[in-house]
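Structure, as structure tokens:
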Amino acid sequence: MEAALDEYWLSGDPAWRPLSEGKPPSDWVDAEIDPPEGWSSWRRQRLQPMAARFVFGPAWSIGLLIASTFPLIFPGNTPDDQTVASLFFFSAFFLLLISATRIASSMPDGDGVELFKWLWFGDGTVNLTRTVGIPILGALAFVAHIVIDVRIGWISYTLFLAL
Numbered sequence: 143m144e145a146a147l148d149e150y151w152l153s154g155d156p157a158w159r160p161l162s163e164g165k166p167p168s169d170w171v172d173a174e175i176d177p178p179e180g181w182s183s184w185r186r187q188r189l190q191p192m193a194a195r196f197v198f199g200p201a202w203s204i205g206l207l208i209a210s211t212f213p214l215i216f217p218g219n220t221p222d223d224q225t226v227a228s229l230f231f232f233s234a235f236f237l238l239l240i241s242a243t244r245i246a247s248s249m250p251d252g253d254g255v256e257l258f259k260w261l262w263f264g265d266g267t268v269n270l271t272r273t274v275g276i277p278i279l280g281a282l283a284f285v286a287h288i289v290i291d292v293r294i295g296w297i298s299y300t301l302f303l304a305l
């Protein structure tokens, strides 16, 4: 069993590239640049492509953000419009964080917790203001739109889009 898994350790599993299945690695890695002559024993390890995983979270997040506007634009179609809108709204951002953490955790040297800490506390004051200050203002505007006036909710959307 392990021998079958080790067969593609360097070249990568052909199932990751459905169009190249059944072809030898030399047929689907022609576009790569060969290493210099001094690196005669060097060979690149191919990892699983992450594009599909990366696209899934942001695509659904955009859909959830758009869906969260419908109960506010067309009120009275659900038992509690604001709860439905807030569930869609906050799940969109939760999905972005979870997908980025899962991608980072699946890399050989990756750590999802480190990525999460970097996203929040990053590289200084500017990043901290952007990743903590704007979401707090957006959350306050979101609560204000529930308590004060529904139109304030659009300020919340604008602040979260500024991220």
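Residue numbers (our numbering): 143 to 305. Built from N, CA and C at the ideal position, the CB exists for glycine as well. Since we're looking at a predicted model, the values are computed, not measured.
Contact between the segment 219 to 227 and the segment 235 to 248 (3+ Cβ pairs under 8 Å): No: fewer than three Cβ pairs fall under 8 Å.
Does DSSP put A304 in a helix, in a strand, or in coil? Numbered from its first residue, the sequence shown carries residue 304 at position 162. When DSSP states are grouped into helix, strand and coil, A304 belongs to the coil group.
Thinking I276 and A286 are a contact (beta carbons under 8 Å), I'd like their distance in whole angstroms, please. One-based indexing of the sequence shown puts residue 276 at position 134. One-based indexing of the sequence shown puts residue 286 at position 144. About 15 Å separates the Cβ atoms of I276 and A286, ruling out a contact at the 8 Å cut-off.
Residue environment, A283, which counts as buried when at least 16 other CB atoms sit within 10 Å: The residue you call residue 283 lines up with position 141 of the sequence shown. Looking at its Cβ environment, which holds 16 or more other Cβ atoms inside 10 Å, A283 is buried.
Out of T220, F216, P200, point me to the one whose CA is closest to L237's CA. To locate residue 237, count along the sequence shown from 1; it is residue 95. Nearest C-alpha to L237: P200.
Would you mind sorting P217 into buried or exposed? The rule is 16 or more other CB atoms within 10 Å of its CB. Here residue 217 refers to the residue found at position 75 when the sequence shown is read from its first residue. Classification for P217: exposed.
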